[in-house]
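Chemist: Take a look at this one; I'll ask things after.
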């Protein structure tokens, strides 16, 4: 099955039995610059992703009647809870695009930047800040996973899979990120990702987990970093 622009979706055939909701306490996090603006299109990466990455979406692709909102964020910061709560309340009227702020090498022109594989582009920062990059990949991969499943399973009973439209899928993403920031020292760790996945009743397994750990997640993060750099946000 294919999603936006014919990109293959990571459709999974396993059941989505709801797990027990987990109460988590403590919080902190931090969102940065906000813009209401167009997103430049880029499409020359070779690794397939589940749906079009936020950094590749054009403003013309916004949902009708929704306000396009672009956030430039870091995966482990201090104002995330308040930001996620506000976005969850505004979920039905906002078409959110997210780019992650990762310091990347400065080169002459975007063509050189585009040609660099994610490992080289992200290597220096992610080697020094492994949990930051791990958290960003977990969040980016979940965002793609939820969007693809919403496209692939319209009309499914919610007891089988609870997020069958883009609005509920986005709310689940907000809640996952909020949950992570209740344990700020552990953001990016696999154990916390598993715990917060239970909160939103989506197993941290299969495509989501694999994407978070391999080249697809690195590609999504590299696309975000390139886009933020192109926009002059750092």
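In the working numbering, the protein residues as written are 43 to 276.
For every residue, glycine included, the Cβ atom is placed at its ideal position computed from N, Cα and C.
These numbers were taken from a predicted model, which means no experiment stands behind them.
1) Is any heavy atom of the ligand SAH found at a distance shorter than 6 Å from the C-beta of residue 259?
2) Considering residue 216, what are the terminal residues of the alpha helix (DSSP H) in which it resides?
3) When the Cα of residue 140 is compared with those of 240, 120, 131 and 179, which residue comes out closest?
4) Between residue 93 and residue 227, what straight-line distance do the alpha-carbon atoms span, to the nearest angstrom?
5) Since residue 236 is in the alpha helix (DSSP H), which residue starts that stretch and which ends it?
6) Quick check on residue 187: does DSSP put it in helix, strand or coil?
7) Residue 265: which of 170, 177 and 146 sits nearest, CA to CA?
8) If you reduce the DSSP assignment to three classes, tell me which class residue 36 lands in.
9) Does the Cβ of residue 112 have 16 or more other Cβ atoms within 10 Å, making it buried, or fewer, making it exposed?
10) Comparing alpha-carbon positions, which option in 176, 170, 205 and 171 lies nearest residue 187?
11) Identify whether residue 139 lies in helix, strand or coil by the three-state DSSP scheme.
Modeler: Answer, in terms of the structure:
1) Although the ligand SAH was asked about, the structure shown includes no ligands whatsoever.
2) 208-222
3) 179
4) Per-residue confidence for residue 93 stands at a pLDDT of 40, beneath the threshold of 50, marking its modelled position as unreliable; the derived number appears in the next sentence. Approximately 30 Å between the Cα atoms of the pair.
5) 232-241
6) helix
7) 146
8) Lying before the first or after the last residue shown, residue 36 is absent from the chain, which here runs from 43 to 276.
9) buried
10) 205
11) strand
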